[in-house]
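Structure first, then comments.
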Amino acid sequence: MEQSQFIWMDGEMVQWADAQVHALSHGLHYGTGVFEGIRAYATANGPVVFRLPEHMRRLHRSAAAYGIPVAWSVEQLVAAARDVVRENGLPSAYIRPLVILGTGSISLDPTACTTRTIIAAWEWGAYLGEDGVRNGITAGVSSWRRFAESTLIPNAKGTGGYLNSVQAKLEAVRAGFDEAIMLNTAGLVAEGSGENLFLVRDGTVITPPVTAGILDGITRASIIRLLQDDGVEVREADLARSDLYYADELFFTGTAAEVTPIREVDHRPIGTGRPGPVTLRAQELFHQAVTGKLDKYQNWLESV
Ligand code: PMP
0 MEQSQFIWMD GEMVQWADAQ VHALSHGLHY GTGVFEGIRA YATANGPVVF RLPEHMRRLH
60 RSAAAYGIPV AWSVEQLVAA ARDVVRENGL PSAYIRPLVI LGTGSISLDP TACTTRTIIA
120 AWEWGAYLGE DGVRNGITAG VSSWRRFAES TLIPNAKGTG GYLNSVQAKL EAVRAGFDEA
180 IMLNTAGLVA EGSGENLFLV RDGTVITPPV TAGILDGITR ASIIRLLQDD GVEVREADLA
240 RSDLYYADEL FFTGTAAEVT PIREVDHRPI GTGRPGPVTL RAQELFHQAV TGKLDKYQNW
300 LESV
């Protein structure tokens, strides 16, 4: 990973190497934390951050859902994220805010714990590789199910929940796939280990609803809007595993993954085995929107 110079910690810019938390931080032991992933894109007028307030609002919502207090307002976090991109002189960036419970108690009752708030930013290219973005990736349906509403809160970005995603990702990579597709405990399609999933069939775009136990992705919402505004029919619907095999096109969306075509699932080629027209259009619209080339979506962008 490419390092930058400064990390924002609890209101101060500290050197990358000094951005440390205590070994007995509650969050390290029990996964009591929430986080975000945000991207800033290079433009002729400097970096612009994509849907920054929405991400910070989701951070607050995730924290509230898991009972983690946040010491900073959405507005303060937005300002801090811009500062960290600017101070590091980054032309484009992946921004990682994290709120974790710190020291004060190692009991499972976290009431006495401090919280630590951290925002890092560094340059990060395509999460699933440049070749993946261009030619599509391979995915395997995981034996690990996405954790259920009765277990944790799927629609909150809690650090502890990512043990589930990490198991799915590890299994997929060890089996030779680029990424995992997770079903939910009802056996319906949920999402990737760190991405939402879209399917195209007969020109219609379908994505699982939030009630399938997915994270309500900000890229997902943006792609739904961009495609609908472009005249494409987009629906939320439950999907069976076999729907994946019969799809004309499949793609993942996420802040890190952006729009990544899926060319193969469980060793079965999807459609022609090449990124299809709807996927390519989604990629093009997304790229134009995040780099400020579409007037209609300028309010999604914020300069630093
Ligand atoms: N699902 C999971 C499990 C994720 O970790 C992510 C990445 N945050 C997403 C979906 C995509 O969400 P977003 O588009 O908001 O980055």
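Note that the sequence shown covers residues 0 to 303 in numbering that gives the first Met the number 0. Yeah, the Cβ is synthetic: ideal placement off N, Cα and C, and Gly gets one too. None of these values were measured; they are calculated from a predicted model.
Cα-Cα separation, residue i to residue j
i      : j      : result
Ala18  : Ala80  : 16 Å
Met0   : Trp123 : 8 Å
Leu293 : Val73  : 26 Å
Thr150 : Asn183 : 12 Å
Thr42  : Gln297 : 13 Å
Ile217 : Pro52  : 11 Å
Val47  : Val231 : 27 Å
Glu129 : Gln282 : 13 Å
Glu148 : Gly212 : 7 Å
Ile269 : Leu198 : 10 Å
Leu162 : Asp242 : 27 Å
DSSP state of residue i mapped onto helix, strand, coil
i      : result
Leu198 : strand
Thr158 : helix
Leu293 : coil
Val69  : coil
Glu301 : strand
Arg133 : helix
Gly26  : helix
Val48  : strand
Ser164 : helix
Ala174 : coil
N-terminal and C-terminal residue of the alpha helix (DSSP H) that residue i is part of
i      : result
Ser221 : 217 to 228
Phe285 : 276 to 289
Ala79  : 73 to 86
Tyr244 : 240 to 245
Residues bridged to residue i [DSSP beta-bridge criterion]
i      : result
Phe5   : Gln14
Val264 : Ala138, Arg267
Met181 : Glu190
Ala211 : According to DSSP, which records beta bridges pairwise, Ala211 is partnered with nothing at all.
Arg234 : Ile205
Tyr93  : Arg38, Trp121
Glu257 : Gly253
Ile99  : Gly32, Arg115
Residue i, enclosing beta strand (DSSP E) - first and last residue
i      : result
Gly253 : 248 to 253
Leu58  : First-last for Leu58: 51 to 64, but that is the alpha helix (DSSP H), not the beta strand (DSSP E).
Given residue i as reference, the closest of the options once Cα atoms are compared
i      : options                       : result
Ile222 : Ala64, Gly10, Ile205          : Ile205
Ala62  : Gly32, Ile37, Glu53           : Gly32
Arg95  : Gln297, Thr116, Gly88         : Thr116
Arg173 : Arg200, Gly139, Ala41, Thr203 : Gly139
Arg85  : Leu100, Ile118, Gly66, Tyr65  : Ile118
Gln75  : Met8, Glu194, Leu100, Leu249  : Met8
Gly36  : Arg50, Leu27, Tyr29, Gly45    : Arg50
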